[in-house]
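Everything on this sheet refers to the single structure shown next.
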Amino acid sequence: MPGNCSGKVRIIGGKWKRTPLPVLDAKGLRPTGDRQRETLFNWLGHLFETFEERTSLDMFGGSGALSFEFLSRGGKSADVYEVNRSACAQIKKNAEKLGAPLHVHCADSLTIKSAGKQYDVIFIDPPFALKLQMHALKTASGLIKPDGLIYVESPEEISDASLSEIGLQAVRRLKSGASSLLLARQTEQ
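Here it is, written out as structure tokens:
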């Protein structure tokens, strides 16, 4: 039944390693799998010496798995946006359970304005059927720090030309099952 917690996602690294977190059973909610998260955080760990003092933004929170993984590995704080109120409530419960420095915004991330706040890491993993990846990348390009990284999970590969149009370049890419994983940063000037 939608709205119930019928599944769990487990944190795979850091201080909360092996901690299972309840996940809402909702249409379109597809938590990033263990293998994809392991790949992503290996990439980030290689490119950043440490997550300490780093901040993150998850534009499509869903289960909050990416933000909890980031914080478990030493991230300073995380902002999570999610439009599904039940999913927001579950992310908040999980954050309270862990004592995580995570701020949940029950709002549409595509309307975020910078207001001077920028992030070291931005996660973009919207429901694939909505095809919001490029719109989200445009928004994220105005919210990322100059040395920051943007992670995108999508059903199709995003071309270098599409990234270039919004001032971004690919750093890492991988096809994993039905998902295309991309790590991007601002184009070097």
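Quick note: the sequence shown uses our numbering, first residue 215, plus one each step.
Note that the Cβ used here is the ideal one computed from N, Cα and C, for glycine as well.
Exposure label - R232; buried when at least 16 CB within 10 Å: Answer is exposed; the Cβ neighbour count stays below 16.
Proximity of L254 and Y365 at Cβ, strictly below 7 Å: Result yes, Cβ atoms of L254 and Y365 sit closer than 7 Å.
Straight-line Cα distance separating D339 from S390: So the alpha carbons of these two residues sit roughly 14 Å apart.
Cut-off 8 Å between Cβ atoms - residues of its own chain near R387, not counting five sequence neighbours on either side: Within the same chain, E371, S394, L395, L396 and L397 come within 8 Å of R387 by CB-CB distance, once the 5 residues on both sides are set aside.
Simplified DSSP state of T325, which is helix, strand or coil: Annotated three-state conformation of T325 is helix, per DSSP.
Cα-Cα separation between M215 and D239, rounded to whole angstroms: Here the model assigns M215 a pLDDT of 36, short of 50, so the residue's position is not dependable, and the following value carries that caveat. Near 7 Å, if we compare the C-alpha coordinates of D239 and M215.
Distance CB(A292)-CB(L316) smaller than 7 Å: Yes, Cβ-Cβ distance for A292 and L316 is below 7 Å.
heavy atom of the ligand FAD below 6 Å from F284 C-beta: Summarising the ligand content, the structure contains no ligands, and the ligand FAD is consequently not present.
The region 281-289 touching the region 259-272, judged by at least three CB pairs closer than 8 Å: Note that the region 281-289 touches the region 259-272; at least 3 beta-carbon pairs, one per stretch, sit closer than 8 Å.
Bounding residues of the alpha helix (DSSP H) (the contiguous stretch that carries Q304): For Q304, the enclosing alpha helix (DSSP H) covers residues R299 to L312.
G362 classed as buried or exposed, judged by whether at least 16 other C-beta atoms fall within 10 angstroms: Under a 10 Å Cβ-count criterion, G362 is classified as buried, with 16 or more other Cβ atoms of the shown protein chains found around its own Cβ.
7 Å Cβ cutoff, I326 in contact with chain B: Of the protein chains in the structure, only one exists, and it is not chain B.
Through-space distance from E296 to Q250, alpha-carbon basis: If I take the Cα positions, the gap works out to 21 Å.
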